[in-house]
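**Q** Take a look at this one; I'll ask things after.
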Amino acid sequence: MNMAVLTRPAVLILLGPPGAGKGTQARMLEEKFGFVQLSTGDLLRQAVAAGTPAGLAAKAVMEAGQLVSDEIVINILRDRLTEADCTKGVILDGFPRTTVQAEALDDLLAETGQKINAAISLEVDDAAMVDRISGRYTCGGCGEGYHDSFKQPAEADRCDKCGGTEMTRRADDNAETVASRLEAYHAQTAPLISYYSGKDVLKTTNAMGEITDIAQDMAAIVTEATS
């Protein structure tokens with residue numbers, strides 16, 4: 123796939139509940155535009171492994187069983203944005219989570235002469251998401267994924283790929299837990315939605331369709347936001 127040409131480096135934020143397909147769409151944007159996906163967890167692990175000052179600060183906090191502060195995360199992100207592979211653009215997944223973090227991110231980007239091009243919210247139907255997530259299961263032997271409604275093996279309880287008969291479900295992939303996670307997501311994200319809407323960078327896409335259709339919509343949003 124040819125990389126699209128952008129007029130300036132992009133900073134994108136992906137918003138969406140668990141199961142909305144953020145990871146899949148981020149990978150497709152990486153391929154199309156040459157972006158780098160940055161998640162808070164990966165940033166922390168890489169900084170700790172590299173032994174950077176911010177990474178060492180994060181390591182000390184984590185070893186003490188405490189939460190890493192916004193200041194440390196911002197410092198780690200500041201270091202990461204200066205690396206060569208970020209010159210085309212970055213996709214932030216899982217950060218910011220609060221308006222305080224969003225404001226700190228704006229301050230950081232102002233330092234580097236960058237800005238948020240788009241905060242893309244992957245919109246889902248909660249009832250459909252509960253069914254999508256709670257119905258999934260995998261083969262314990264090879265990890266092949268199945269679903270009660272969308273994809274069942276040709277022979278009941280026997281994996282099409284490896285012939286295994288041990289099927290497993292994640293303990294937290296039950297309807298009650300999924301509904302609770304969605305409720306928590308909406309409560310946490312609502313202020314961010316308002317924040318980025320007020321800055322006129324909020325974009326939305328229907329995340330309940332086909333992956334390729336969503337990807338086309340996302341690409342159009344990104345192209346417009348970065349041109």
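Taking my numbering, the leading residue of the sequence shown gets 123, the next gets one more, and so forth. Just so you know, even glycine gets a beta-carbon here, dropped at the ideal spot from N, CA and C.
Here's the rule I'm using: 16 or more other beta-carbon atoms within 10 Å means buried, otherwise exposed. How should K144 be labelled?
**A** It is buried - the Cβ of K144 has at least 16 other Cβ atoms within 10 Å.
**Q** Excluding five sequence neighbours on each side, which residues of the same chain lie with their C-beta closer than 7 Å to the C-beta of G286?
**A** These residues qualify, in order along the chain: C261, G262, G263 and C264.
**Q** Three or more C-beta pairs under 8 Å: does that hold for the stretch 313-332 against the stretch 232-242?
**A** As far as the Cβ criterion goes, the stretch 313-332 touches the stretch 232-242, which means the pair count is three or higher.
**Q** Would you please state the rounded distance, in angstroms, between the beta carbons of L214 and I135? I believe it to be under 8 Å.
**A** Indeed they touch by this definition, with Cβ atoms about 5 Å apart.
**Q** Report buried or exposed for P218, applying the criterion of at least 16 other Cβ atoms within 10 angstroms of its Cβ.
**A** P218 comes out buried.
**Q** From this set, F155, P140, P139 and G141, which residue's C-alpha is nearest M340's C-alpha?
**A** Looking at the Cα atoms, F155 is the closest of the given residues.
**Q** Ordered along the chain, which non-local residues of its own chain (more than five positions away) have a Cβ less than 6 Å from that of E266?
**A** Excluding residues within five positions, the ones whose Cβ falls inside 6 Å are C281 and K283.
**Q** Going by beta carbon distance, what residues of the same chain come within less than 6 Å of N197, once the five residues before and after it are set aside?
**A** These residues qualify, in order along the chain: A176.
**Q** Beta carbon of V300, beta carbon of L151: below 8 Å?
**A** Going by C-beta atoms, V300 is not nearer than 8 Å to L151.
**Q** Just how far apart, CA to CA, sit P139 and G257?
**A** Distance between the alpha carbons of P139 and G257 is about 17 Å.
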